[in-house]
Every structure is written in structure tokens, then in C-alpha cells.
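Asker: After the C-alpha cells below, expect a handful of questions from me.
There are 2 protein chains.
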Amino acid sequence: MRDRSKVLKARGFRWQGVEVRQYKADDAPYKDVRRQTLLGEGEGEADLNFITRYFEIQPGGYSTLERHQHPHALVVIRGRGRVVLGERSYDLAAFDCVYVAPGAVHQFEASGAEVLGFLCIVDRVRDRPELVAEQP
Amino acid sequence: MRDRSKVLKARGFRWQGVEVRQYKADDAPYKDVRRQTLLGEGEGEADLNFITRYFEIQPGGYSTLERHQHPHALVVIRGRGRVVLGERSYDLAAFDCVYVAPGAVHQFEASGAEVLGFLCIVDRVRDRPELVAEQP
């Protein structure tokens with residue numbers, strides 16, 4: 013059997029052969045978020061049971077406030093920002109890790125002057141996010 | 013149910029509450045490799061089906077030449093080095109990604125003057141590595 017191993021070279025937070033996509037295709041509220049799927053959906057990668065994505069949020073941007081049953085494992089690899097995690101929120105800087113437990117409401121924000129870029133790993137088979145209404 | 017979400021703050025490639033361990037406990041050949049398990053084995057993290065580890069290899073060091081049936085997803089987050097992947101080898105720099113397919117022989121080396129540090133994500137339930145003899 014052909015060895016399907018590979019290296020994806022990085023250049024400025026873009027990766028060889030990886031498309032930069034909008035964060036979500038539906039009309040959930042978010043601002044200035046892009047995603048790249050690094051490993052798990054490419055050719056020959058079906059043996060991975062988890063998907064490694066890179067999300068980048070521009071200064072002032074934020075992801076959707078949402079929850080779901082699948083957990084997230086995140087590692088920040090660029091810039092700074094903030095995460096809402098249940099009823100708390102935390103500052104984030106490079107290499108901080110975040111565990112989003114099943115059902116936890118969460119939102120990521122590039123709250124300062126810097127881009128926030130993070131890896132987010134999830135199960136290949138997972139439930140869809142449920143939108144959470146902002147508190148008035 | 014208590015929300016088990018958490019943030020692990022990073023400081024110089026060490027993480028709050030995460031132990032720095034030797035790479036392997038058995039006598040497989042390797043040199044100057046340390047590991048930290050960032051997410052997946054801590055308290056309240058049993059819902060993660062995959063484990064996010066950080067490996068760091070000092071200049072001149074290398075991991076064991078081995079293979080196994082579980083795939084690896086890697087993202088380099090520090091320094092430079094090289095990976096042997098089947099019959100080929102590749103230079104690695106920060107943010108390069110590596111997919112190690114099932115059964116592929118692989119070895120990571122901090123081949124230059126820099127430390128090589130990378131995230132390596134694997135299934136929680138996985139087979140044990142099989143040592144591969146170096147070619148004479």
C-alpha cells in the first residue's frame with residue numbers, strides 16, 4: 013500500500029495546498045473569522061478520527077457564541093485574544109490551551125489589537141453547533 | 013453538571029499544571045526528547061477521544077524510529093528539525109504540519125542548532141509503537 017504520509021509546509025499562517033475558507037456558511041453571527049483545515053479532510057487522511065483546523069480572527073472579530081456536545085481541544089499559535097467559556101472568560105496568548113467541555117457555551121474574540129490564531133481539534137464525527145442568544 | 017472547560021496558560025513552552033516527562037519509559041533508542049500531555053489525560057477531560065501532546069527535542073536529539081497503526085497529526089510550534097517519513101525525509105520549521113499515515117516508519121530529529129517542538133495528536137485508544145531497526 014502506498015504511504016499516504018505527508019508534510020504541509022507553512023508560510024505566514026497559510027499552508028501548502030490548504031484553502032482559506034470562511035468560518036461558517038450559514039448566517040450565524042460572527043465577525044472576521046477564517047478557517048483552514050490542516051489535517052483530516054485531505055486526500056489519504058481518512059484514517060484520522062479527528063480533524064485539525066486553524067482559525068484566525070482579525071482584531072475586533074469574534075466567533076459565534078455557541079455550544080455542542082463534542083469537546084474542543086485548542087492551542088493558540090498566534091497573537092492574543094479572549095475566550096468566553098461558560099460563565100467565565102479568560103485572556104489568551106500564544107500557546108495557551110483551551111478545553112471546551114461538552115455542552116459548554118463558548119466564544120473566541122480577538123479582543124485587542126492583535127490577530128488571534130488557534131488550532132482547534134475535533135472529532136471527525138460530531139454534532140452540529142447550537143447557536144446561543146446573546147444576553148440583552 | 014459542572015462545566016469542565018478550562019484554560020491552561022503557557023509560559024515558555026511549559027503549561028500550568030502539566031508535568032514534563034521523559035519521552036519513553038522503556039529502553040527504545042532516542043535522545044533528548046521530553047513530552048508534555050496538554051489535553052486529554054487531565055481531570056475532567058475523558059470526553060476527548062484524542063490526546064494532544066507536546067514533544068520537544070533538544071539540538072542533536074531524535075525520537076525513536078518506529079511505526080504503528082494509529083496515525084499522527086503534527087504541527088510544529090517551535091524551532092526547526094527534520095522528519096523521516098517512510099523512505100523520504102523533510103525539513104521542518106514552525107507551523108509545518110505532518111501527517112504520519114498508519115504503518116509509516118517515522119522519526120523526528122532536531123538536526124540543526126535549534127530545538128524542535130511540536131504538537132502531536134493521537135487517538136486516545138491506540139496500538140503500541142513497533143521499534144524499527146536502523147539500517148546498518
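The listed protein sequences derive, respectively, from chains H and U. Adding 12 to a residue's 1-based position in the first sequence gives its number in the numbering used here. Adding 12 to a residue's 1-based position in the second sequence gives its number in the numbering used here. The beta-carbon is built from N, C-alpha and C at its ideal position, and this holds for glycine as well. Just so it is clear, the structure is predicted and the values come from calculations on it, not from any experiment.
1) Which residues of chain H have a Cβ atom closer than 7 Å to the Cβ of Ala122(U), listed in chain order?
2) Could you pull the DSSP bridge partners for Ala22(H) from this structure?
3) Indicate the three-state DSSP secondary structure (helix, strand or coil) for Lys36(H) in the structure shown.
4) Any C-beta of chain U within less than 9 Å: which residues of the region 96-129 of chain H qualify?
5) Kindly indicate the opening and closing residues of the beta strand (DSSP E) around Ala105(H).
6) Distance, Cα to Cα, Val96(H) vs Tyr42(U)?
7) Do Asp135(H) and Pro83(U) have their CB atoms nearer than 7 Å?
8) What are the residues of the region 42-53 of chain H that lie near chain U, defined by any Cβ-Cβ distance shorter than 9 Å?
9) Step through the CB atoms of chain U and report whether any lies within less than 7 Å of the CB of Ser17(H).
10) If the cut is a Cβ gap below 8 Å, which residues of chain H does Thr64(U) touch?
11) Start and end of the beta strand (DSSP E) containing Val97(U)?
12) Contact between the region 119-137 of chain H and the region 72-91 of chain H: three or more CB pairs below 8 Å?
13) Using three-state DSSP, classify Glu57(U) as helix, strand or coil.
14) Does the beta carbon of Leu77(H) sit closer than 7 Å to a beta carbon anywhere in chain U?
15) DSSP three-state label for Tyr42(H), please.
16) Excluding the 5 residues preceding and the 5 following Ser101(U) in the sequence, name in chain order all residues of the same chain whose CB lies nearer than 8 Å to its CB.
17) Quick one: is Ala58(U) near chain H, going by C-beta distance under 7 Å?
18) Name the chain H residues that come within less than 9 Å of Ala22(U), Cβ to Cβ?
Answerer: On the basis of the supplied data:
1) None at all; the shortest Cβ gap to chain H is about 16 Å.
2) Trp27(H)
3) Coil.
4) Leu97, Gly98, Glu99, Arg100, Tyr102, Asp103, Leu104, Ala105, Ala106, Phe107, Asp108, Cys109, Val110, Tyr111, Val112, Ala113, Pro114, Gly115, Ala116, Val117 and His118
5) Arg100 to Ala105
6) 41 Å
7) no
8) Leu50, Leu51 and Gly52
9) yes
10) Ala85, Val87, Cys109 and Ile133
11) Here the sequence assigns Leu to residue 97(U), which means Val is not the residue at that position. Unbroken beta strand (DSSP E) run through Leu97(U): His84 to Leu97.
12) Touching, per the Cβ criterion.
13) DSSP, reduced to helix, strand and coil, places Glu57(U) outside both helices and strands of the structure shown, so it counts as coil.
14) no
15) coil
16) Arg94 and Val95
17) Contact with chain H is absent for Ala58(U), since none of that chain's Cβ atoms lies less than 7 Å from the residue's Cβ.
18) Val87, Val88, Ala105, Ala106, Phe107, Asp108 and Cys109
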